[in-house]
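Below is one structure, written out as structure tokens, with a few remarks after it.
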Amino acid sequence: AQKITQTQPGMFVQEKEAVTLDCTYDTSDPSYGLFWYKQPSSGEMIFLIYQGSYDQQNATEGRYSLNFQKARKSANLVISASQLGDSAMYFCAMRDYTGNQFYFGTGTSLTVIP
Amino acid sequence: EAQVTQNPRYLITVTGKKLTVTCSQNMNHEYMSWYRQDPGLGLRQIYYSMNVEVTDKGDVPEGYKVSRKEKRNFPLILESPSPNQTSLYFCASSLGRGQGHEQYFGPGTRLTVT
Numbered sequence: 000a001q002k003i004t005q006t007q008p009g010m011f012v013q014e015k016e017a018v019t020l021d022c023t024y025d026t027s028d029p030s031y032g033l034f035w036y037k038q039p040s041s042g043e044m045i046f047l048i049y050q051g052s053y054d055q056q057n058a059t060e061g062r063y064s065l066n067f068q069k070a071r072k073s074a075n076l077v078i079s080a081s082q083l084g085d086s087a088m089y090f091c092a093m094r095d096y097t098g099n100q101f102y103f104g105t106g107t108s109l110t111v112i113p
Numbered sequence: 030e031a032q033v034t035q036n037p038r039y040l041i042t043v044t045g046k047k048l049t050v051t052c053s054q055n056m057n058h059e060y061m062s063w064y065r066q067d068p069g070l071g072l073r074q075i076y077y078s079m080n081v082e083v084t085d086k087g088d089v090p091e092g093y094k095v096s097r098k099e100k101r102n103f104p105l106i107l108e109s110p111s112p113n114q115t116s117l118y119f120c121a122s123s124l125g126r127g128q129g130h131e132q133y134f135g136p137g138t139r140l141t142v143t
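Residue numbers (the numbering used here), protein chains in the order written: chain S, 0 to 113; chain U, 30 to 143.
Written out as structure tokens, the structure is:
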């Protein structure tokens with residue numbers, strides 16, 4: 000069963016604008032971790048941000064913030080003030096309650112337009 | 030420099046010829062994992078290891094083997110590769126299995142099986 004769903008295969012955003020990348024997840028466990036990774040065209044996977052299922056506040060890391068809506072099981076990534084270097088594939092991922100298994104979404108390809 | 034290394038980075042092989050992709054981390058991480066990335070499917074977990082001599086299957090283990098004899102190394106073995114194992118493979122490690130422990134990824138190994 001699909002654990003992580005990313006419904007936006009591709010997104011475009013104007014430079015300096017904000018953009019939201021959607022992610023919904025599926026689990027009945029109370030404990031889990033949610034992650035976002037960036038994969039530029041060079042191929043490496045870069046960790047961006049983490050949100051724990053028990054965290055009361057939304058995570059923020061510089062220009063990245065995670066809009067965590069637990070009841071709706073969504074963990075959207077918000078990138079503020081987009082830069083050309085933000086053009087990449089973005090993956091949402093969930094670590095299960097055991098801490099052993101990771102589930103990734105299919106990714107969203109973001110293109111920043113000058 | 031803290032890193033996860035994989036070798037080889039690129040490999041073209043023929044059906045049935047056994048191969049090993051090595052993975053090594055220098056961060057004294059307990060947890061290590063292997064993924065394959067295919068277009069439109071995101072990353073899927075093949076195997077993971079919680080510590081030395083402790084490994085378990087992920088979502089897509091068929092056709093793969095792993096071992097964890099030392100903490101730093103986690104090789105992926107394809108005993109009889111087939112064309113459907115053509116993919117981009119990533120090794121990753123994290124400090125432990127805690128929810129907030131993000132994974133550090135290797136640079137990837139692009140495997141083609143003809």
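For glycine and all other residues, C-beta sits at the position ideal for the given N, C-alpha and C.
Residue-level contact check: Met-79/U touches chain S, since one or more beta carbons of chain S fall below 8 Å from its beta carbon.
With the rule of 3 Cβ pairs closer than 8 Å, the segment 51-63 of chain U counts as touching the segment 92-103 of chain U. Taking Gln-5/S as the centre and dropping the five residues before and after it, the same chain places the C-beta of Asp-21, Cys-22, Cys-91, Gly-104, Thr-105, Gly-106 and Thr-107 closer than 7 Å to its C-beta, in chain order.
For the 8 Å CB-CB criterion, Leu-109/S and Ala-80/S do not form a contact. In terms of Cβ geometry, Leu-76/S and Leu-65/S form a close pair [threshold 8 Å]. The residue among Glu-30/U, Glu-59/U and Lys-47/U with its C-alpha nearest the C-alpha of Arg-126/U is Glu-59/U.
For the segment 44-71 of chain U, the residues whose beta carbon sits under 8 Å from a beta carbon of chain S are, in order, Tyr-60, Ser-62, Tyr-64, Gly-69, Leu-70 and Gly-71. Secondary structure note for Ser-122/U: its beta strand (DSSP E) is the uninterrupted segment 116-123. Relative to the Cα of Tyr-53/S, the nearest Cα in the group Met-44/S, Lys-69/S, Phe-11/S and Leu-47/S belongs to Lys-69/S. Taking CB atoms only, Pro-104/U has no neighbour in chain S less than 8 Å away. The alpha-carbon separation between Lys-15/S and Ala-121/U amounts to approximately 32 Å.
The count of Cβ pairs closer than 8 Å, one atom from the segment 36-50 of chain U and one from the segment 80-90 of chain U, stays below three, leaving the stretches out of contact. Listed by position along chain U, the residues whose Cβ is nearer than 9 Å to that of Ser-30/S are Gln-128.
For Thr-19/S, the uninterrupted beta strand (DSSP E) run begins and ends at 18-20, by DSSP.
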